[in-house]
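Notes follow once the structure below has been shown.
Protein chains: 2
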Amino acid sequence: MLKERTSKYDQRYLAAVDAAAAVFAEKGYHAAGTIDIADRLNIKQGSLYYYFRSKEAALEAVCLEGIRHQISYLQSVMDEGHSFSDSIRKLVTYTLSALEERSDYMIVFDRHRQVIPLEKRGKIRDQSNTYHKLLEELFEQARQNDELKPDLDVHISVRAFTGLLSSAGSWYQMKQSIDLDVVAKQYSDIFLFGSCAV
Amino acid sequence: MLKERTSKYDQRYLAAVDAAAAVFAEKGYHAAGTIDIADRLNIKQGSLYYYFRSKEAALEAVCLEGIRHQISYLQSVMDEGHSFSDSIRKLVTYTLSALEERSDYMIVFDRHRQVIPLEKRGKIRDQSNTYHKLLEELFEQARQNDELKPDLDVHISVRAFTGLLSSAGSWYQMKQSIDLDVVAKQYSDIFLFGSCAV
DNA sequence: AATTTTTTATATAGATCTATAGAATTTCTT
DNA sequence: AAGAAATTCTATAGATCTATATAAAAAATT
Chain R
1 MLKERTSKYD
11 QRYLAAVDAA
21 AAVFAEKGYH
31 AAGTIDIADR
41 LNIKQGSLYY
51 YFRSKEAALE
61 AVCLEGIRHQ
71 ISYLQSVMDE
81 GHSFSDSIRK
91 LVTYTLSALE
101 ERSDYMIVFD
111 RHRQVIPLEK
121 RGKIRDQSNT
131 YHKLLEELFE
141 QARQNDELKP
151 DLDVHISVRA
161 FTGLLSSAGS
171 WYQMKQSIDL
181 DVVAKQYSDI
191 FLFGSCAV
Chain S
1 MLKERTSKYD
11 QRYLAAVDAA
21 AAVFAEKGYH
31 AAGTIDIADR
41 LNIKQGSLYY
51 YFRSKEAALE
61 AVCLEGIRHQ
71 ISYLQSVMDE
81 GHSFSDSIRK
91 LVTYTLSALE
101 ERSDYMIVFD
111 RHRQVIPLEK
121 RGKIRDQSNT
131 YHKLLEELFE
141 QARQNDELKP
151 DLDVHISVRA
161 FTGLLSSAGS
171 WYQMKQSIDL
181 DVVAKQYSDI
191 FLFGSCAV
C-alpha cells in the first residue's frame, strides 16, 4: 500500500516543516517553542508530535530541505555549462533572490544547524559536503579552462565565494528597498574582477 | 569613593564576561545555562547574579566587548593612513587572527546578538553602526583617491567585504592546520583584484 | 581585633517547555 | 452507513532553568 507522492500526510508534513522554518528563523531554535509551530499550523502543541518525533527532528528536516534546494540549483547551473563568470553571476543572483523567497530555510540552516548534536549531524554534513564539492568542481574546471587566476587555491576561493554569498543575508534584514539585481551585479563584479582601481 | 580602574571587582567581572563568552560560543545562548558560566568561574549558579543582573545582561556585555575590540582595531588602521589595498590586507589578516584568539566573542556577536530584544539592542546597534560607518568612510576615501573602482557603490562594497570577513569563521571551525597568512593574502587578493583570469 | 564591605553559598519559588499516553474526532474505505 | 484509519485534542509527568532572598564566609578597613 504505497502512498501517493502528495498524499494528505505529505502535504501537511511539508506545511509543518515550513512552519518550523518560519518559527525557528524568527525566534531562534531554543527560544522558539513547539507551541509556536503548532499555533502556526492551527493545531495544538501535542499534535505536532504526529509529524515530528522531536523538536530536534523538526530542525533537521528544515535544514535538509534548505540545503537540498541550494544543491539542486547549483547542480542545474553546472549542468548548463556556462562560463565561470556566468556561473558565478547566476549563483549570486539566485542566492539573493532565494533570500527573499526562502529566507527562513537559509537563516535556519545558517544559524541553527549546529544545534543538532555532532553524532546526529551526519545527513546534514553529507549534504553540506556535497554542496562544497560541487562548488569546488566548478572552480576546478574554471581553473583548467584558464578562467580562474592560476595562483589561486581552489579551496580558499570557494570559501571566499561562500562568504560573499552569506553576507547576502544582511541585505534581506535591512530591506531598504534595494534593487537586488544591482547588488548581485556588483557582488559578482567584485568577486570576478576585484574592487581596486588600476 | 571611586573604584580603581582594575579593582578586584573589575577583574572578576571581566573574567565573568569571558566565561560567558566561552559558554555562549560553545553551546549557544539558550542551550547554555547560567550554571555553565558559574561552573567555569568556580562559583555557584546563584552567585553569578552578583555580576550580572540577568543572563541577557551577560550576553549584552559579551557582544559589546566583542564589537568594541573590532572597532578599536579598525580605527587604528584608519589612523595610520595606509593605502586602500594595504588597509584591506591589514583588516583581513587581523580578522583571521582575531578568530583564533578571540573567537568566542566574535562567534557570540555574530550568532547570538539578535537574541537581545530589539528595544534593548540600542547600544549594540550603535556600536555596529559605528563599525560600518568607519568602514564606509574608509571606502569613501579610497573612492575619492581613485583607489576604488569608480562604478562601485560604497555601501554594497562594504557589505561584500564584511561578508568575506565573516566567512573567515569557517576556517576556524575546520582547523585543518591551515596557514592563515596564506588565506589572508588570497582573500585580500580576491577582494582587491578578483578571481577571474584575463 | 573589631567592624564594615565585598563576595560567595544555599535554598527555593515560579515559570516554562518537551514529550507521552490515551481519548476524541475527522476522514477515508468498503 | 458502518467500520477502519488517520489526524487532532486533552491532560499531565517530569525535567530544567532563571532569578531572588537570605545566610555565610572572606577580605578589607579602621
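Protein chains in written order, with my numbering: chain R, 1 to 198; chain S, 1 to 198.
Positions of the beta carbon are idealized from the N, C-alpha and C atoms, including for glycine.
Remember, it's a predicted structure, so these values are computed and weren't measured experimentally.
Alpha carbon to alpha carbon, how far is S:Gln114 from R:Arg111? 11 Å
Counting only the same chain and skipping the five closest in sequence on each side, list residues whose C-beta sits under 6 Å from that of R:Phe84. Ala142, Glu147
Output the boundary residues of the alpha helix (DSSP H) element that contains S:Arg143. 122–144
Helix, strand or coil for R:His59, going by three-state DSSP, please let me know. According to the sequence displayed, residue 59 of chain R carries Leu and not His. R:Leu59: helix per DSSP, three-state reduction.
Excluding sequence positions up to five away, which residues of its chain have a Cβ less than 6 Å from the Cβ of S:Tyr157? The sequence given here places Ser at residue 157 of chain S; Tyr does not occur at that position. Hits under 6 Å: Phe139.
I want to know whether the region 116–130 of chain R touches the region 52–67 of chain R - three or more CB-CB distances under 8 Å. yes
By the 7 Å beta-carbon criterion, what residues does the region 102–113 of chain R contribute toward chain S? Arg111
Nearest-angstrom Cα separation, counted from R:Leu152 out to S:Gln186: 7 Å
Comparing C-alpha positions only, which one of R:Val198, R:Ala15, R:Phe24 sits nearest to R:Asp104? R:Phe24
Give the C-beta separation of R:Gly169 and R:Ile71 to the nearest angstrom, bearing in mind that I take them to be a contact with Cβ-Cβ under 8 Å. The Cβ separation is near 19 Å, so there is no contact.
Which residues, in chain order, does the region 56–90 of chain R contribute to contact with chain S at a C-beta distance below 9 Å? Phe84, Ser85, Ile88
Quick check on S:Leu165: does DSSP put it in helix, strand or coil? Helix, per DSSP.
CA-CA distance, S:Tyr94 and S:Ser167? Taking the CA atoms as reference points, S:Tyr94 sits about 14 Å from S:Ser167.
Reference S:Ala21, options S:Arg102, S:Ile190, S:Arg159, S:Phe161, closest by Cα: Shortest Cα-Cα distance from S:Ala21 to any of S:Arg102, S:Ile190, S:Arg159, S:Phe161 involves S:Arg102.
Counting contacts by CB-CB distance shorter than 9 Å, is S:Gln141 in contact with chain R? no
By the DSSP assignment, the alpha helix (DSSP H) with S:Glu101 in it spans what residues? 84–101
Determine the DSSP secondary structure at S:Leu152, reduced to helix, strand or coil. coil
Along the alpha helix (DSSP H) that carries S:Gln11, what are the first and last residues, could you check? 8–27
Specify, as a first and last residue, the run of the alpha helix (DSSP H) that S:Asp36 falls within. 34–41
Spatial distance of S:Leu48 from S:Arg12 (CA atoms): 11 Å
Taking R:Ser195 and S:Lys149 to be in contact with their CB atoms under 8 Å, please state how far apart those CB atoms are, rounded to whole angstroms. 6 Å
Element boundaries [alpha helix (DSSP H), containing R:Asp179]: Careful: R:Asp179 lies outside any alpha helix (DSSP H) and carries neither H nor E.
Is there a Cβ of chain S sitting closer than 9 Å to that of R:Arg125, yes or no? no
Can you find a CB in chain S that lies within less than 9 Å of the CB of R:Phe193? yes
Tell whether a beta-carbon distance below 9 Å holds between S:Arg53 and S:Ala19. For the pair S:Arg53 and S:Ala19, the CB atoms are not nearer than the 9 Å cut-off.
Under 9 Å between C-beta atoms of S:Ile67 and S:Tyr131: yes
Using a threshold of 9 Å, state whether the C-beta atoms of S:Val183 and S:Trp171 are closer than that. In contact: S:Val183 and S:Trp171 (Cβ atoms closer than 9 Å).
Test item: CB-CB of S:Leu14 and S:Met78 under 9 Å: When the beta-carbon positions are compared, S:Leu14 and S:Met78 stay at least 9 Å from each other.
In its own chain, which residues sit with a C-beta less than 7 Å from the C-beta of R:Lys44, not counting the 5 before and 5 after it? Ala38
Buried or exposed: where does S:Gly163 fall if 16 or more other Cβ atoms within 10 Å of its Cβ makes it buried? buried
Is the beta carbon of S:Gln127 sitting closer than 9 Å to the one on S:Leu64? S:Gln127 is a Cβ neighbour of S:Leu64, given a cutoff of 9 Å.
Contact criterion: CB-CB distance below 9 Å. Does R:Ser167 meet it with respect to chain S? yes
Residue nearest to R:Leu165 in terms of C-alpha spacing, selected from R:Gln144, R:Ser97, R:Ile124: R:Ser97
Identify whether R:Phe191 lies in helix, strand or coil by the three-state DSSP scheme. helix
Against chain R, does S:Thr162 count as a neighbour if the rule is that its beta carbon must be under 9 Å from one of theirs? For S:Thr162, the answer is yes, since a Cβ of chain R falls inside 9 Å of its Cβ.
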